[in-house]
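Here the structure is laid out as structure tokens; the discussion comes afterwards.
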Amino acid sequence: MTRFVSIQLPFWATDRLGWPADRRAALLTKDGSALLLAAVTPAAAREGLRPSQRLADALAAFPDLPVETFEAEATHQALVRLAARCRRWSPLTAPDGEAALLLDVTGVAGLFGGEEGLMADIAAAFTGFGLHHRLALAETPGAAWAWAAFGTGGILPVGSLRQMLAPLPVAALRLTPDVLAGLHKLGLRQIGALLDQPRAPLANRFGQQAVRRLDAVLGRTQQALRWQKPAVRYVERTPFVEPIGTRESVEAALGHLLTRLIDRLTAAGLGVRRLVFILERVDGTWQDFSIGTAQAERDPRVLARLFRDPLDGLDPGFGIEAARLEAVETAPFLRRQPGLDGRAVIRDRLAPLLDRLRQRLGDASVYRLHPQESHWPEAAIRRADPLAPVPSFAAPPPPRPMQLYTPPQPVESDGADYFIWQRRTHRIRRAEGPERIAPDWWRTPESPARDYWRVEDTAGGRFWLFQTRPNDQPGPWFLHGVFP
-11 MTRFVSIQLP FWATDRLGWP ADRRAALLTK DGSALLLAAV TPAAAREGLR
39 PSQRLADALA AFPDLPVETF EAEATHQALV RLAARCRRWS PLTAPDGEAA
89 LLLDVTGVAG LFGGEEGLMA DIAAAFTGFG LHHRLALAET PGAAWAWAAF
139 GTGGILPVGS LRQMLAPLPV AALRLTPDVL AGLHKLGLRQ IGALLDQPRA
189 PLANRFGQQA VRRLDAVLGR TQQALRWQKP AVRYVERTPF VEPIGTRESV
239 EAALGHLLTR LIDRLTAAGL GVRRLVFILE RVDGTWQDFS IGTAQAERDP
289 RVLARLFRDP LDGLDPGFGI EAARLEAVET APFLRRQPGL DGRAVIRDRL
339 APLLDRLRQR LGDASVYRLH PQESHWPEAA IRRADPLAPV PSFAAPPPPR
389 PMQLYTPPQP VESDGADYFI WQRRTHRIRR AEGPERIAPD WWRTPESPAR
439 DYWRVEDTAG GRFWLFQTRP NDQPGPWFLH GVFP
């Protein structure tokens, strides 16, 4: 007897971003020239917004609606990672569509005190993840999906599929839109209505899809499933005959484990991006140290050097009985041929410095700024990995200041001879402009355009000023940045 759990994530695209459930917001996608809502938060859904709705209609109802770009690939990869976390309940897990997961829990419910205990454990975990969810457990993958998506959720007892699924709409069979339209035209709106239909006429009228999906949901035929393959774990562990406690002995164990781990990664064509070194104490507790690298690394000496600062916090307790080293993130190790401009050599020399800076300052403190598409200057840059390639644009923008004030600071100005900033009057010697910058209309529909000027005062200071243009009329002045 097979048993499957379907986990529906109705607000997955926004939940994964950590947005509060009571925040009215949406994600934006593009269909040809049309801008549509790709996903909405629970608060937005309660107020009538929905995916596939035109952005113009949404902004007409809610002019202040915050909108961000929907990243389909990042959303899918996050779902793949979430499926891997579900191996806590089953070795066979997989994404199921764009916002659902499927688990084969055949024979594992006893480990959780029965199916009720299993479902309660999954529900508690997903609540802890901050994810809206609906769960269903049934004999077939299709029945579990249908009951979670269109039913009340919960556990379908063995042998109850026909009875429990009959009231559900035919959309629960995941049929194509044209087949659904044909069924609705004939008044066949519930699964129960299909159960009483002769199979041959049903197949002739609507194709084999309707019959195959119905058979799969009811368990009459086996459904082909593609389970996610568990990632290979690169872990090395060494126990000690006698507990150790000195830094020298710990570093010796680390060197031994690094050599073994790098040999395995080399055979797989991989290098290290993130390592965790775990020391298991005799009292059952442990202490762990982690490092990261800017690019795939295979040199044990370089990796051992990165552990020096973290090991300053070594606390052996009553002694260490075992040590474990795990490569929690790996990447293909690619040997680059140096180009004539020497960029590859510079990259390789820069990587060790970045690794040391990250180890001391933290990953979030080491980055470079990349341009991104936005009209507003304060939104035209984003943080990126220091070694990531810089995206190219068709035409470089005019000069921008090194220091940008966010938000811009208000100033007094007559627009010609002077401006007053922080109670100090700056006499303008020369000015260049205006450069008009309009807002991202789909993000800030009520924000006025700005006319920017690059000005130099009599003391040699160079500033970036702008005047807002509400309804194309002169507005207040602001200082947005300072040039070196």
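Under our numbering, the residue at position 173 of the sequence shown is numbered 161, and the numbers go up by one with no gaps. We treat Cβ as the ideally placed atom computed from N, Cα and C, and that holds for glycine.
Residue range of the unbroken alpha helix (DSSP H) whose run includes D203 | If you number the sequence shown from 1, residue 203 lands on position 215. Residues 196 to 206.
Write down every uninterrupted run of the beta strand (DSSP E) in the segment 49 to 112 whose length is 3 residues or greater and which is fully enclosed by it, in chain order.
-> 55 to 57, 80 to 83, 88 to 92
Taking just the CA atoms, how far does V470 sit from L452?
-> The residue labelled residue 452 in the question sits at position 464 within the sequence shown. The residue labelled residue 470 in the question sits at position 482 within the sequence shown. The amino acid occupying residue 452 in the given sequence is Trp; Leu does not appear at that position. Answer to the nearest angstrom: the Cα atoms are 6 Å apart.
Would you report the Cα separation of P145 and E56, rounded to the nearest angstrom?
-> Taking the sequence shown and counting its residues from 1, the one referred to as residue 145 is at position 157. Taking the sequence shown and counting its residues from 1, the one referred to as residue 56 is at position 68. Cα-Cα distance, rounded: 42 Å.
C-beta atoms of A32 and A13 nearer than 8 Å = Stepping through the sequence shown from its first residue, residue 32 is reached at position 44. Stepping through the sequence shown from its first residue, residue 13 is reached at position 25. It is a contact, given that the beta carbons lie within the stated cut-off.
Count the other C-beta atoms from every protein chain shown that fall within 10 angstroms of the C-beta of Q461, then say buried if there are 16 or more, exposed otherwise.
-> For this step, residue 461 is matched to residue 473 along the sequence shown. With fewer than 16 Cβ atoms within 10 Å of its Cβ, Q461 is classed as exposed.
Just confirm the distance between the C-beta atoms of R417 and E444, as a whole number of angstroms; I'd bet it's less than 8 Å.
-> For this step, residue 417 is matched to residue 429 along the sequence shown. For this step, residue 444 is matched to residue 456 along the sequence shown. Rounded, the Cβ-Cβ distance is 5 Å, consistent with contact.
Hey, would you say Q211 sits closer than 8 Å to T128, going by beta carbons?
-> Looking up residue 211 in the sequence shown gives position 223. Looking up residue 128 in the sequence shown gives position 140. In contact: Q211 and T128 (Cβ atoms closer than 8 Å).
Supposed contact pair W135 and D84 - C-beta distance, whole angstroms, cut 8 Å | The residue labelled residue 84 in the question sits at position 96 within the sequence shown. The residue labelled residue 135 in the question sits at position 147 within the sequence shown. Contact doesn't hold; Cβ gap of about 13 Å is too wide.
Return helix, strand or coil for L171, following the three-state DSSP convention.
-> The count along the sequence shown starts at 1 and reaches residue 171 at position 183. The answer is helix: DSSP assigns L171 an H, G or I state.
Can you name, in chain order, every residue of its own chain whose Cβ lies under 6 Å from the Cβ of R4, other than the five neighbours on each side?
-> The residue given as residue 4 occupies position 16 in the sequence shown. Once the five neighbours on either side are set aside, the close Cβ partners of R4 are A66.
What is the DSSP secondary structure of V158, reduced to helix, strand or coil?
-> Taking the first residue of the sequence shown as 1, we reach residue 158 at position 170. Looking at V158 - three-state DSSP - the assignment turns out to be helix.
Could you check where the alpha helix (DSSP H) with P227 kicks off and where it finishes?
-> Counting from one through the sequence shown, the residue named residue 227 turns up at place 239. Not the alpha helix (DSSP H): P227 falls in the beta strand (DSSP E), residues 222 to 232.
Rank V270, L253, H244 by C-alpha distance to the C-alpha of E230 and give the top, closest one.
-> Taking the sequence shown and counting its residues from 1, one reaches residue 230 at position 242. Ranking V270, L253, H244 by Cα distance to E230 puts V270 first.
Using the Cα positions of G421 and H468, report the straight-line distance between them to the nearest angstrom.
-> Stepping through the sequence shown from its first residue, residue 421 is reached at position 433. Stepping through the sequence shown from its first residue, residue 468 is reached at position 480. Taking the straight line joining both Cα atoms gives about 14 Å.
Assess, as a yes-or-no matter, whether the segment 310 to 321 is touched by the segment 251 to 271 under the definition of 3 or more beta carbon pairs within less than 8 Å.
-> yes
Contact set for G130: own chain, Cβ-Cβ below 6 Å, skip 5 residues either direction | The residue labelled residue 130 in the question sits at position 142 within the sequence shown. Answer for G130: A204, V205, listed in chain order.
Which first and last residues belong to the beta strand (DSSP E) in which R418 is found?
-> Mapped onto the sequence shown, residue 418 falls at position 430. Segment 412 to 425, the beta strand (DSSP E) holding R418.
Name, in chain order, the residues that DSSP records as bridge partners for V260.
-> Here the question's residue 260 lines up with position 272 in the sequence shown. E285, T318, per the DSSP bridge assignment.
So R415 and T446 are in contact, right, with Cβ under 8 Å, and what is the actual spacing, rounded?
-> By 1-based counting over the sequence shown, the position of residue 415 is 427. By 1-based counting over the sequence shown, the position of residue 446 is 458. Right, their Cβ atoms sit about 5 Å apart.
Continuous alpha helix (DSSP H) stretch holding T247: start and end = Taking the first residue of the sequence shown as 1, we reach residue 247 at position 259. Where T247 is concerned, the enclosing alpha helix (DSSP H) stretches over 235 to 255.
Which same chain residues, not among the five before or five after A88, have their C-beta less than 7 Å away from its C-beta?
-> As a working note, residue 88 is residue 100 in the sequence shown. Same-chain partners within the cutoff: S(-6), I(-5), Q(-4), L(-3), W133.
Within its chain, find whatever has a CB closer than 7 Å to the CB of Q41; leave out the 5 residues flanking it on each side and keep chain order.
-> As a first step, residue 41 is located in the sequence shown; it is residue number 53 there, counting from the start. Around Q41: L24, L25.
Close-in-space but distant-in-sequence residues of the same chain around P288 (CB under 8 Å, 5 per side omitted) = Mapped onto the sequence shown, residue 288 falls at position 300. Contacts found: G243, L246, T247, I250.
Of the residues R73, P320, W7, E309, which one's Cα is nearest the Cα of E285?
-> Position 297 of the sequence shown, counting from 1, holds the residue named residue 285. Selected option, being the one with the closest Cα: P320.
Opposing strand residues paired with K18 [DSSP bridges] | By one-based count along the sequence shown, residue 18 stands at place 30. K18 pairs with L23.
Using 10 angstroms around the beta-carbon of L474, count the other beta-carbons present and answer buried if the total reaches 16, otherwise exposed.
-> Residue 474 cannot be examined here, being either before or after the span of the chain that is shown, -11 to 472.
Taking the CB atoms as reference points, tell me whether P427 and A419 lie closer together than 8 Å.
-> Locating residue 427 in the sequence shown gives position 439, where the first residue counts as 1. Locating residue 419 in the sequence shown gives position 431, where the first residue counts as 1. Not in contact: P427 and A419 (Cβ atoms no closer than 8 Å).
Exposed or buried, which one is F306 when buried takes at least 16 other CB atoms within 10 Å?
-> The residue labelled residue 306 in the question sits at position 318 within the sequence shown. It counts as exposed.
Whose C-beta lies closer than 8 Å to the C-beta of L176 among residues of the same chain, with five residues either side of it excluded?
-> On the sequence shown, residue 176 is found 188 positions in, with the first residue counted as 1. V158, L182, Q185.
CB-CB under 7 Å to E317, same chain, minus the five flanking residues each way: which ones, in chain order?
-> Along the sequence shown, read from residue 1 onward, the residue named residue 317 stands at position 329. Cβ within range, chain order: R261, R262.
First and last residue of the uninterrupted beta strand (DSSP E) at D460 = As a working note, residue 460 is residue 472 in the sequence shown. D460 -> no beta strand (DSSP E), and no H or E assigned at all.
Can you tell me where the alpha helix (DSSP H) with L392 in it begins and where it stops?
-> Translated into the one-based positions of the sequence shown, residue 392 becomes position 404. Per DSSP, L392 belongs to no alpha helix (DSSP H); it is in the beta strand (DSSP E), 391 to 401.
Within 10 angstroms of its Cβ, does Q196 collect 16 or more other Cβ (buried), or is it exposed?
-> Here residue 196 refers to the residue found at position 208 when the sequence shown is read from its first residue. Result: exposed.
Please name the residue, chosen from Q283, P359, G233, that lies closest to Q275 on a Cα-to-Cα basis.
-> Along the sequence shown, one-based indexing puts residue 275 at 287. Minimum Cα distance to Q275 is reached at G233.
Is the distance from the Cβ of T2 to the Cβ of L16 below 8 Å?
-> Here residue 2 refers to the residue found at position 14 of the sequence shown. Here residue 16 refers to the residue found at position 28 of the sequence shown. No. Outside cutoff.
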